[in-house]
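Residue numbers (the numbering used here): 151 to 375. Glycine residues also receive a C-beta, built at the ideal position from the N, C-alpha and C atoms. What follows is a single structure, written as structure tokens, with notes after it.
Following this line, the structure appears as structure tokens:
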């Protein structure tokens, strides 16, 4: 995960959790808020903590925000500031902009102005968001005690059209395949393919559900990107 660069704008509880989680996973994180106290609170946990008004494109450009792999806008107290910040990021051609909506009305407004990735309060989980930023192919992540994890991920291209025995998930990566999901030929919906056997073949567009230590899962994802 090293070498990835992210910015989080808005350091409330949610934004701070995202910033810290990304930083813990080895990403270079820039945490931004107009409130100096919030910036001070997180400065020891991220690469850069900056106090500035994010509604001004010049302020963002001065921090080379357009060079980030993704920017999360998590401003929760002022929707106008959130909109202006989002517009500023769009003007600067930031590659990936992810914006948090407080309610369905905000979500509709964000959709209208062209925001493609919107986080809704009802389904936001900081660990999931961080995981999806670091690994866009990850669809779901559940953290378990003792640094274990279950993730749902699009099957990496390099393991497609190979059997589980050939891939050797347990032997090579020390992780286990719990199950996999495959799109039905008739109804075009994803279906669970039960308990996999060594002879089970992973196909293109399959979604696999794997279990193991976080460090082993990270290694599997990095090697097979």
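When C-alpha distances from residue 360 are compared across 265, 262, 171, 299, the shortest belongs to 299. In this structure the segment 240-251 does not touch the segment 177-196; the number of beta carbon pairs closer than 8 Å is below three. Annotation for residue 186: the continuous alpha helix (DSSP H) segment containing it runs 186-192. With a 10 Å radius around the Cβ and a threshold of 16 neighbouring Cβ atoms, residue 171 comes out buried. Around the CB of residue 365, fewer than 16 other CB atoms lie within 10 Å, so the residue is classed as exposed. Excluding residues up to 5 positions away in sequence, 231, 234, 235, 238 lie with their Cβ nearer than 7 Å to the Cβ of residue 205 in the same chain. Ranked by how close their Cα comes to the Cα of residue 209, the residues 226, 184, 190, 219 have 184 in first place. Of the residues assessed, residue 358 falls on the buried side of the cut-off, its CB having 16 or more other CB atoms within 10 angstroms. Pairwise C-beta distances place the segment 312-320 in contact with the segment 346-357, as three or more of them are shorter than 8 Å. DSSP places residue 165 in the helix class (H, G or I) of the three-state scheme. Taking C-alpha positions only, residue 294 is separated from residue 363 by approximately 9 Å.
Assignment of residue 248 by DSSP, reduced to helix, strand and coil, places it in the strand class. Between the C-alpha atoms of residue 194 and residue 224 there is a straight-line separation of about 20 Å. Cβ contact annotation for residue 269 (same chain, cutoff 6 Å, sequence separation greater than five): 250, in chain order.
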